[in-house]
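Colleague:
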Amino acid sequence: MTDEILIIVNDTTFDKISELHVAADIYTAAASFDAVVGGGKNIQEGSRIKIAVNGKKSFDGIVDRVAKTGSKSADTVSISGRDLMGLIIDSHITSFTTISGKTLRQVAEYYLRQIDFVRHLNITYNAGAEALDVPQEFIQPRPGMTVFDLLSGIAAARGIHFYLRADGNIMFGRPQGYGGPVFYAWCRDGRNNTLDYNFTSDISQRYSSIVVYAQDESTDSTDAASLNKKATINDSTFPGNFAKTLVIEAQVAGVSPAAQGRMLMEQQRFNGWKLEYIMNGFTQRGSPFRPDALMAVDDERVPFTGECLVYGRQFTLKKAEAVYTTTLTLGLRGLA
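Take the sequence shown: its position 59, counting from 1, is numbered 58 in numbering that gives the first Met the number 0, and each next residue is one higher.
1. Closest to glutamine 139 by C-alpha separation, out of Ala130, Leu194, Thr96, Ala51, would be which residue?
2. If we count the other Cβ atoms within 10 Å of its Cβ and call it buried at 16 or more, is leucine 111 buried or exposed?
3. Report the three-state DSSP secondary structure of tyrosine 177 (helix, strand or coil).
4. Tell me the DSSP bridge mates of alanine 292?
5. Suppose the cutoff is 6 angstroms on Cβ atoms and the five residues either side in sequence are ignored; what does the same chain contact list for tyrosine 183 look like?
6. Please report how far the alpha carbon of serine 90 lies from the alpha carbon of alanine 66, in whole angstroms.
7. Which residues does DSSP list as the beta-bridge partners of lysine 101?
8. Does the beta-carbon of aspartate 195 have 16 or more other beta-carbons within 10 angstroms, so that it is buried, or is it exposed?
9. Is it the case that the Cβ atoms of asparagine 121 and isoleucine 42 are separated by a distance below 8 angstroms?
10. Would you call the region 81-88 and the region 23-42 touching, i.e. three or more CB-CB distances under 8 angstroms?
11. Cα-Cα, which of Leu19, Thr93, Ala128 is closest to valine 76?
12. Can you list, in chain order, the residues of its chain whose CB lies under 8 angstroms from that of arginine 141, leaving out five sequence neighbours each side?
13. Quick test of the definition: if touching needs 3 or more C-beta pairs under 8 angstroms, does the region 203-210 touch the region 163-177?
14. If you follow the beta strand (DSSP E) that asparagine 197 is in, where does it begin and where does it stop?
15. Can you give me the Cβ contacts of threonine 123 inside the same chain, cut-off strictly under 6 angstroms, excluding the 5 residues immediately before and after it?
16. Taking DSSP as the reference, what is the three-state secondary structure of isoleucine 153?
17. Please confirm if the region 234-250 is in contact with the region 275-293, defined as three or more CB-CB distances below 8 angstroms between the two stretches.
18. Give the straight-line distance between the Cα atoms of valine 322 and proline 134, rounded to the nearest whole angstrom.
19. Tell me where the alpha helix (DSSP H) around alanine 66 begins and ends.
20. Under 8 angstroms between the Cβ atoms of alanine 130 and glutamine 259?
21. DSSP state of glycine 80, grouped into three classes?
22. Can you tell which of Ile114, Gly54, Arg104 has its C-alpha closest to the C-alpha of aspartate 132?
23. My understanding is that phenylalanine 281 touches valine 36, with C-beta atoms under 8 angstroms, so please give their C-beta distance in whole angstroms.
24. How would you label asparagine 192, buried or exposed, when you count the other beta carbons within 10 angstroms and need 16 or more for buried?
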């Protein structure tokens with residue numbers, strides 16, 4: 000084991016970790032972890048937990064569950080939980096409220112600042128999301144709705160994705176990676192830095208075009224031309240010489256329904272084109288593996304050469320079995 004793995008629970012640091020599994024995926028609302036920790040008999044559920052890899056924060060969340068087993072000679076403490084997005088998922092709206100003329104960011108500021116730990120997180124736009132975040136005439140949260148469902152629904156109406164990055168930023172935008180490739184995978188001419196790979200290309204849930212019919216919820220106009228909107232999005236990467244068209248109805252907020260159609264098409268491409276690698280260790284060139292980062296791929300087995308976006312990351316540590324790996328799920332870059 001070359002990487003230093005630390006689990007920090009409140010103000011106590013644990014380095015005797017016999018098992019660890021951390022799973023994060025941009026399209027799964029909350030990241031999760033489970034671990035077996037030596038010396039952790041005083042860990043309590045509800046504690047704040049951070050996981051650091053070589054001193055860099057790779058997980059920030061809450062301990063949901065504590066389980067203890069033991070004998071006369073040894074005690075075992077197992078803990079599990081979710082990242083801070085789990086608190087947003089668990090936070091419910093408690094009263095009827097009519098919100099008028101507010102942007103997604105303003106609604107997020109109002110509700111997220113009421114949630115412990117989450118209130119201090121940064122809210123960030125990317126990929127032009129700020130230009131799409133126009134005020135909406137009426138938003139009607141209802142009691143029992145979760146804050147996550149409210150914000151992800153408003154975001155979807157603008158063609159924006161709502162997720163939490165590993166660095167703790169709440170992101171409204173599109174997963175795209177930042178800068179150049181952070182990670183590298185290659186298998187060519189007898190050189191290979193991967194332990195295993197799995198590639199799937201599946202068009203069963205993909206469409207060559209998506210037609211979005213929408214009504215604009217951000218306007219109080221009664222003019223049909225202002226209310227009713229239509230957009231057609233074509234996927235130039237769809238294989239074959241036949242057409243498959245998906246038609247949906249949606250609500251949008253002041254922007255063309257094309258943004259929502261592109262987001263849906265990108266998610267279909269993600270689900271239909273997956274390249275998975277198992278890599279040795281938790282880092283590469285000093286950087287912990289993480290979602291929303293770019294990976295350069297040169298693999299003659301797939302075959303594929305180019306840049307991919309890391310959508311999912313799973314750390315797996317089983318000390319007794321000498322397993323110490325990261326599973327990365329990659330998808331194609333960019334909008335369809």
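All C-beta atoms in this analysis are idealised placements derived from N, C-alpha and C, irrespective of residue type, glycine included. Computed from a predicted structure; not experimentally measured.
Modeller: The structure says:
1. Thr96
2. Leucine 111 comes out buried.
3. coil
4. According to DSSP, alanine 292 bridges with Val309.
5. Taken in chain order, the residues that qualify are Ala295.
6. Answer to the nearest angstrom: the Cα atoms are 25 angstroms apart.
7. Gln135, per the DSSP bridge assignment.
8. exposed
9. no
10. yes
11. Leu19
12. Ile92, Phe95
13. No, they do not touch.
14. 195-200
15. Asn168, Met170
16. Isoleucine 153: helix per DSSP, three-state reduction.
17. no
18. 50 angstroms
19. No alpha helix (DSSP H) contains alanine 66, which is instead part of the beta strand (DSSP E) from 55-69.
20. No, the Cβ-Cβ distance between alanine 130 and glutamine 259 is not below 8 angstroms.
21. In the three-state reduction of the DSSP assignment, glycine 80 falls in the strand class.
22. Arg104
23. Actually they do not touch by this definition, with Cβ atoms about 17 angstroms apart.
24. exposed
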